[in-house]
Structures are given as structure tokens and as C-alpha cells.
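Structure, as C-alpha cells:
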């Protein structure tokens, strides 16, 4: 490769990084706690909403699985903008709605509506509950994301501010699995490509073929996925 060409490309890359680092018209994150009521598909879901806010952000104390956490935001700040893009965050095993609060804050600052919620079978609140080791915890996750979307687009006060054509998803660990299923992947628990230790209840279920029937949970309303 021509050294001069490499030098030019390096300078262009550094300029791009500097441009991305500039905080243009930064906004604070409005933070609001809410619940999604139980329905035929599952129990109540506890959730947190981050939205763009014109007021300066400040420190807020929140409870994350019994631990006090300080986040930056404005409590119950109503965004003035409409037709905002929506991002749904799915945490990993024994995470919760605040596991990725920094990502939520950044996205809200950038003009997104962000929803993070506690998955009912394997969140931090279920740390001592054996159901997190049940195969049902995997099957239930995509269903809960779809319930969140249904609520945000149909019943939430924020629905009028959300552009239903611009919905994205961020998932970490088990949340990453959740995103793959929502993107159209169909897991085959009967043919694993890696050993599954028998001391885990989930592996015992797979070994016995004790897996509930489940359909594809493909979610066409989600247009972009980030799998971490």
C-alpha cells in the first residue's frame, strides 16, 4: 500500500472521530417510570422511559436490584418533539431496566425515545428464583418485547410522539438472543451445537425434550438491531 495513501486515510479517520465527538445541540434525558399492565400473554412489566428533554440533566438516585445507582436525567420531563424514533433495550440474565442506563441516556440525548424493562423470569429481582434456569425464560423474552411495543404504540401517552416506522432494538447477552429471535431466527433447542452441562435445569429439559411449543416471534415493526 502507498504510504501516502495510508497517511491520508488515517487523517480522514481521525477527522471523522473528532467530528463524532462534537456534542451538537446536546439535550438532557427525561426519565419516567411506568408499568405495562398484565394481559393474556404475561404479568405486569416494570419499565423505564428515557426521552429527549430541553432542561439541563442532573443526578438522580434510582434503585437497581436493591442497589442505589446515580444516573443523569430529569424526572418526568415531557418531550416537545413528535415522531421520535424508538429503541427498546433487552438486558442480559439477572440484569434490569437500569443495566444499560448510560446507553439509554446517550440515545435520549440524541433524540430517541428509549424503553428498558425488567424481563419477568430472569431479571435482577429473580436472582434467587430458579425460573431463570428454565427454558421458558428464553421463550418468554421475545413475547415481552412485543408486549412493550404494543403498549408504546397503542396505549402509552408517548405513542403520539413515536414514529412507528423507526423502531430499533438493543440486546445484551440473553437480550442478544432475544433480538435474533425478533429478527426472524427460530432456535432449535433439540440440536445444540455445544455441550450443555446436566447440572443446569435448562439442559435437563433439553435432554428430555421437555420444551414448550413455540412459534416464530419475528417482529417486523423493528427495523434495526444491535446485538451485543
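Residue numbers (my numbering): 15 to 242. Idealized CB from N, CA, C, for every residue including glycine.
Beta-carbon proximity check, residue 242 vs residue 198, cutoff 7 Å = Locating residue 242 in the chain shown gives position 228, counting from the first residue. Locating residue 198 in the chain shown gives position 184, counting from the first residue. The answer is no: Cβ separation not under 7 Å.
key: Integer Cβ distance of residue 78 from residue 112, believed to fall under 8 Å   = For the purposes of this step, residue 78 is taken as residue 64 along the chain shown, with counting starting at 1. For the purposes of this step, residue 112 is taken as residue 98 along the chain shown, with counting starting at 1. Going by Cβ atoms, the distance from residue 78 to residue 112 rounds to 4 Å, so yes, they are a contact pair.
query = Which one or two residues does DSSP pair with residue 81 in a beta bridge?
reply = Looking up residue 81 in the chain shown gives position 67. Note: residue 81 sits in a beta bridge opposite 78.
task = Write down the C-beta distance between residue 106 and residue 188 rounded to the nearest angstrom, noting that I regard them as a contact closer than 8 Å.
result = Sequence index remark: in the chain shown, residue 106 carries index 92 (1-based). Sequence index remark: in the chain shown, residue 188 carries index 174 (1-based). Going by Cβ atoms, the distance from residue 106 to residue 188 rounds to 5 Å, so yes, they are a contact pair.
The stretch 47-63 contacting the stretch 80-88, beta-carbon criterion three pairs below 8 Å = The stretch 47-63 vs the stretch 80-88: no contact.
Beta carbon of residue 133 nearer than 7 Å to that of residue 155 = For the purposes of this step, residue 133 is taken as residue 119 along the chain shown, with counting starting at 1. For the purposes of this step, residue 155 is taken as residue 141 along the chain shown, with counting starting at 1. Note that the C-beta distance between residue 133 and residue 155 is below 7 Å.
task = Pair every Cβ in the stretch 223-231 with every Cβ in the stretch 147-163, then say whether three or more of these pairs are closer than 8 Å.
result = The stretch 223-231 vs the stretch 147-163: in contact.
key: Alpha carbon of residue 94 to alpha carbon of residue 172, nearest angstrom   = By one-based count along the chain shown, residue 94 stands at place 80. By one-based count along the chain shown, residue 172 stands at place 158. Their backbone Cα atoms lie some 11 Å apart in a straight line.
key: Element boundaries [beta strand (DSSP E), containing residue 179]   = As a first step, residue 179 must be located in the chain shown, where it is residue number 165. Looking at the DSSP string, the run of the beta strand (DSSP E) that includes residue 179 is 176-185.
request  = Quick one: grab the DSSP three-state call for residue 3.
outcome  = In the structure displayed, the chain extends from 15 to 242; residue 3 sits before or after that span and is not available.
query = Can we count residue 242 as close to the ligand NAP, meaning its CB is less than 6 Å from some heavy atom?
reply = The model depicted lacks the ligand NAP and carries no ligand whatsoever.
key: Endpoints, the alpha helix (DSSP H) within which residue 119 is located   = Taking the first residue of the chain shown as position 1, residue 119 is located at position 105. Run containing residue 119: 115-123, per the alpha helix (DSSP H) assignment.
task = Could you round the C-beta distance between residue 119 and residue 85 to whole angstroms and report it? I think they count as a contact, below 8 Å.
result = Working through the chain shown from its first residue, we reach residue 119 at position 105. Working through the chain shown from its first residue, we reach residue 85 at position 71. Contact annotation, residue 119 with residue 85: C-beta distance approximately 7 Å; criterion of less than 8 Å satisfied.
task = Return the residue from the list 157, 182 and 216 that minimises the CA-CA distance to residue 98.
result = Along the chain shown, read from residue 1 onward, the residue named residue 98 stands at position 84. That would be 182, whose Cα lies nearest to the Cα of residue 98.
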